[in-house]
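Beneath this line is the structure, given in structure tokens, with notes to follow.
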Amino acid sequence: MEDGIPSALHTAPEPVIRWVSSFSQLSNADETVWFLSRHDYSTGSEDAFAWNEFEQLSIQAATTDDELVAVSRFWKRHVPVLLSVRGGYEYLAVRDDGAVVHGTEPEFEEAVVVFSHFEDLLRYIIARPAARNDVVERLLFDGSGTTLSR
């Protein structure tokens, strides 16, 4: 840890570090969708589900050295910020250029951009505009009236 920032966050943009430092837990009621907090990125975290769980699963699934290199290269450029185990494994991550991407099992590394900047995701959550982002709506606002809570 450098300056109290877990090493996993060293490449994260400043807005991401501020965001993950602003809460200790932020999840839906049944804790199947959650934003990762600063504490979650600490290597000594005792949570059952690691912040880099999907990277670890991909490493275990890699069958060749080339696949292993590709998995490693992908996750060096992406910091997960939200994990979901509701209806399958999926995540939102911030890429090293600030874009927010969405990935799902079984090919976690086949991620698609959902927002150009992390701040756009936060603005979306606050405003919930009429033009909806289907991925974020499904992850955060599952249609049952259940939303994330502290």
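When we follow the working numbering, the leftmost residue of the sequence shown carries the number 48, and every step to the right adds one. Ideal placement from N, C-alpha and C gives every residue a C-beta, glycine not left out. Computed from a prediction, not measured in an experiment: that's the story for all the values here.
Between phenylalanine 155 and phenylalanine 101, is the Cβ-Cβ spacing less than 8 angstroms?
yes
Outcome for glycine 135 when other beta-carbon atoms lying within 10 angstroms are tallied against a minimum of 16:
exposed
Mapping DSSP to helix, strand and coil, what is histidine 149?
strand
Please classify serine 84: does DSSP put it in a helix, a strand, or coil?
coil
One or two residues paired with valine 20 in a DSSP bridge:
Coverage of the chain is limited to positions 48 through 197, which leaves residue 20 absent and any answer about it impossible.
Since proline 62 and asparagine 99 should fall inside the 8 angstroms C-beta cutoff, what is the C-beta to C-beta distance between them, to a whole number of angstroms?
No, proline 62 and asparagine 99 are not in contact; Cβ-Cβ is about 20 angstroms, not under 8 angstroms.
Sequence-distant residues of its chain with Cβ nearer than 6 angstroms to serine 163 (five each side left out):
Ala146
Look up glutamate 137 in the DSSP assignment and give the residues it is bridged to.
Ser131, Thr151
Per the DSSP calculation, arginine 142 is bridged to which residue(s)?
His125
Exposed or buried, what is glutamate 184 when buried is set at 16 or more other beta-carbons lying within 10 Å of its beta-carbon?
exposed
Using the C-alpha atoms, what's the distance from serine 105 back to valine 118?
7 angstroms
Closest Cβ-Cβ distance between glutamate 102 and chain E: below 8 angstroms?
The structure shown contains no chain E; it is built from a single protein chain.
What number of angstroms, rounded off, separates the C-alpha of isoleucine 173 from the C-alpha of glutamate 166?
11 angstroms
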